[in-house]
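Participant: In the order they appear, the protein sequences are chains H and B. Heads up: the first sequence begins at 1 in the numbering used here, then just goes up one per residue. Heads up: the second sequence begins at 1 in the numbering used here, then just goes up one per residue. Backbone N, C-alpha and C fix where the C-beta goes; we use that ideal spot for every residue, glycine too. Before I ask anything, let me first share the structure, which is written out below as structure tokens.
Protein chains: 2
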Amino acid sequence: MRVVIARCAARYTGRLSAHLPLATRAIMVKADGSVLLHSDGGSYKPLNWMSPPCTLRSSSVTEEAAERGVTEVWVVQHDKTDDRLEIELHEVLSDTEHELGVDPGLIKDGVEAHLQELLAAQITILGDGHTLVRREYMTAIGPVDILAKDGGGASVAVEIKRRGEIDGVEQLTRYLELMNRDPLLAPVQGVFAAQEIKPQARVLAEDRGIRCVLLDYEAMKGDIDLSDRLF
Amino acid sequence: MRVVIARCAARYTGRLSAHLPLATRAIMVKADGSVLLHSDGGSYKPLNWMSPPCTLRSSSVTEEAAERGVTEVWVVQHDKTDDRLEIELHEVLSDTEHELGVDPGLIKDGVEAHLQELLAAQITILGDGHTLVRREYMTAIGPVDILAKDGGGASVAVEIKRRGEIDGVEQLTRYLELMNRDPLLAPVQGVFAAQEIKPQARVLAEDRGIRCVLLDYEAMKGDIDLSDRLF
DNA sequence: CGCTTTATGTCGAAC
DNA sequence: GTTCGACGTAAAGCG
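Below is the structure:
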């Protein structure tokens with residue numbers, strides 16, 4: 001990875017045309033040739049960039065550009081599309097390069113999938129007598145996270161989120177509406193299960209007769225680890 | 001902006017829990033306190049990050065951590081949520097800081113809105129005798145980019161894209177279907193206008209009786225500049 | 001300030 | 001390879 005701190009201007013053409021006026025920025029050139037132009041604020045999104053696969057070439061500085069103070073021109077051309085990023089370097093304040101090697105990448109621990117797995121394995125969290133029918137129960141509009149039956153044999157549809165917000169309740173509502181039209185399933189009780197449920201989401205869910213269940217991820221994981229150890 | 005190249009591991013908790021195993025990475029600390037952890041590949045998105053407003057604190061290294069080779073621990077805590085990023089530094093290979101100043105930011109030239117503006121101002125690009133009815137003509141399912149009338153007074157609905165692909169044709173098709181049910185508008189002719197039209201999109205559009213018009217952005221802009229100069 | 005729509009979205013998984 | 005939906009979506013526009 002090469003990191004250049006420089007006064008620079010840039011121009012991008014591709015899905016849109018845009019330009020960056022002259023200012024001091026951090027330019028990151030990754031091993032795969034991709035380029036990121038960062039300012040000293042804002043979000044994780046660069047001001048301008050080129051995604052791989054792409055090729056960086058140093059282009060000649062025209063006389064006109066040299067007069068404007070340009071010392072170097074980089075052209076980053078995407079290999080498959082006509083996206084192109086041109087960077088005019090006016091003054092390089094720092095230019096360093098480091099060997100980083102391959103990154104093992106981010107490992108997500110608490111995703112919905114894992115919560116689903118844990119809840120499926122401990123379905124009685126929903127209440128005594130509950131039994132799992134199946135995970136990812138398919139409906140015409142998508143899969144319901146968990147389909148279960150309560151102690152009395154009635155269907156229970158569970159929507160799982162890490163953070164329970166209104167859109168999760170809406171999603172479950174759509175599933176319930178559809179499933180309750182199926183005489184083999186109806187009546188279907190809705191359960192909104194999450195590690196954290198926003199007050200607005202809770203109000204909406206309960207207003208619609210959907211039960212809210214808070215999931216304790218650490219406790220659930222601990223129980224599984226414990227049962228693993230017992231077997 | 002501070003750029004640190006270091007062997008490090010990280011852990012994020014917030015909307016999800018995730019961790020990064022030990023590896024060499026580039027750590028960017030921006031003036032507003034936000035932190036980006038970049039690997040030497042992938043896209044502009046960091047492996048892990050903390051968005052502003054947030055605060056970076058150096059935390060004490062526990063004895064246990066020191067034994068694992070940790071020399072420094074950074075805790076980046078979001079100021080408004082419970083999002084938190086912890087970075088364990090094992091070996092700092094480089095640590096530099098530069099004053100970048102405020103960035104003027106990216107200026108976009110060729111967005112769809114601008115194309116719409118230009119086409120509205122030069123509506124005869126669609127053909128002699130065409131007149132503009134209005135931009136952003138509202139329908140029940142959303143706004144049509146441009147509604148015009150042709151030389152014979154028949155309605156023309158225009159969908160504008162920078163790059164014309166199939167989903168744009170689908171979008172226009174939905175509008176046309178709806179508008180053709182309105183006796184005050186029908187019959188409505190569809191025009192798919194874009195700087196670039198993908199072959200598949202062109203075939204689909206023409207199969208549905210939708211006319212394709214290529215827009216020359218530079219020429220359109222030039223004409224406006226020219227007319228500006230004349231007035 | 002909260003809500004909606006857009007994005008050079010990116011990313012991963014199913015088909 | 002393409003399409004689809006989720007995302008720590010983020011960011012801009014608007015009432």
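1. Would you mind stating whether H:ASP150 and H:GLN122 have Cβ atoms separated by less than 8 Å?
2. Going along the chain, which residues of its own chain have a beta-carbon closer than 8 Å to the beta-carbon of B:GLU196, five neighbours each way excluded?
3. Residues in the stretch 19-31 of chain H with C-beta within 9 Å of chain B's C-beta atoms, listed in sequence order?
4. Can you tell me the Cα-Cα spacing of B:MET179 and B:VAL144, whole angstroms?
5. Mind pulling the chain H residues with CB within less than 8 Å of B:SER51?
6. Give a yes or no on whether the minimum CB-CB distance between H:VAL191 and chain B is below 8 Å.
7. Which complete alpha helix (DSSP H) runs does the stretch 107-176 of chain H hold, if anything under 4 residues is left out?
8. Does the Cβ of B:PHE231 have 16 or more other Cβ atoms within 10 Å, making it buried, or fewer, making it exposed?
9. Going by beta carbon distance, what residues of the same chain come within less than 7 Å of B:THR131, once the five residues before and after it are set aside?
10. Using DSSP with H/G/I as helix, E/B as strand and the rest coil, what is B:ARG181?
11. For the pair the stretch 39-58 of chain H and the stretch 38-49 of chain B, tell me if three or more CB-CB distances fall below 8 Å.
12. For B:LYS30, is the classification buried or exposed, using 16 other Cβ atoms within 10 angstroms of its Cβ as the cut-off for buried?
13. Could you list which residues in chain B have their beta carbon closer than 8 Å to that of H:ASP109, in chain order?
14. Taking 8 Å as the threshold (C-beta atoms), are H:THR13 and H:GLY33 in contact?
15. Any C-beta of chain H sitting closer than 8 Å to the C-beta of B:LEU56?
16. Starting from B:GLU72, trace the beta strand (DSSP E) both ways and give me its first and last residue.
17. May I ask you to report which of helix, strand or coil DSSP gives H:ARG208?
18. Taking C-beta to C-beta, are B:ASP71 and B:LEU89 nearer than 8 Å?
19. Drop a sphere of 10 angstroms on the beta-carbon of H:GLU136, count the other beta-carbons inside from all chains shown, and report buried for 16 or more, exposed for fewer.
20. How big is the Cα-Cα spacing for H:ARG174 and H:ARG134?
21. Name the chain H residues that come within less than 7 Å of B:ILE5, Cβ to Cβ?
22. Keeping to the same chain, check which residues put their C-beta closer than 6 Å to that of H:ARG202; ignore five residues upstream and five downstream.
23. For H:ALA186, I'd like the list of residues in its chain whose CB is within less than 6 Å of its CB, leaving aside the five on either flank, ordered along the chain.
24. List in chain order: all unbroken alpha helix (DSSP H) runs of 4+ residues lying wholly within the stretch 9-79 of chain H.
25. Pick from B:ASP216, B:ILE160, B:LEU184, B:PRO183: whose alpha carbon is nearest that of B:ILE210?
26. Within the same chain, show all residues whose beta-carbon is closer than 6 Å to that of H:GLU86, passing over the 5 residues directly before and after it, in chain order.
Facilitator: So, to answer that:
1. No. Outside cutoff.
2. These residues qualify, in order along the chain: ARG162, ARG163, GLY164, LEU214.
3. Within the stretch 19-31 of chain H, those residues whose Cβ lies closer than 9 Å to any Cβ of chain B are, in chain order, HIS19, LEU20, PRO21, LEU22, ALA23, THR24, ARG25, ALA26, MET28, LYS30, ALA31.
4. Annotation: B:MET179 to B:VAL144 spans about 10 Å, alpha carbon to alpha carbon.
5. SER43, TYR44
6. no
7. 112-121
8. For B:PHE231, the predicted model reports a pLDDT of 43, less than 50, meaning its position is unreliable; a value from the coordinates is still stated below. Exposed, by the Cβ-count rule.
9. ILE123, ALA148, LYS149
10. coil
11. The stretch 39-58 of chain H, when compared against the stretch 38-49 of chain B, does touch it at the 8 Å Cβ threshold.
12. buried
13. LEU16, SER17, ALA18, HIS19
14. no
15. no
16. 72-78
17. DSSP, read as helix, strand or coil, puts H:ARG208 in coil.
18. Inspection of the sequence shows that residue 71 of chain B is occupied by Thr rather than by Asp. Yes. Within cutoff.
19. exposed
20. 19 Å
21. HIS98
22. CYS212.
23. ASN180
24. Considered as a whole, the stretch 9-79 of chain H harbours 63-67 as its complete alpha helix (DSSP H) runs of no fewer than 4 residues, in chain order.
25. Selected option, being the one with the closest Cα: B:ILE160.
26. ARG11, VAL75, listed in sequence order.
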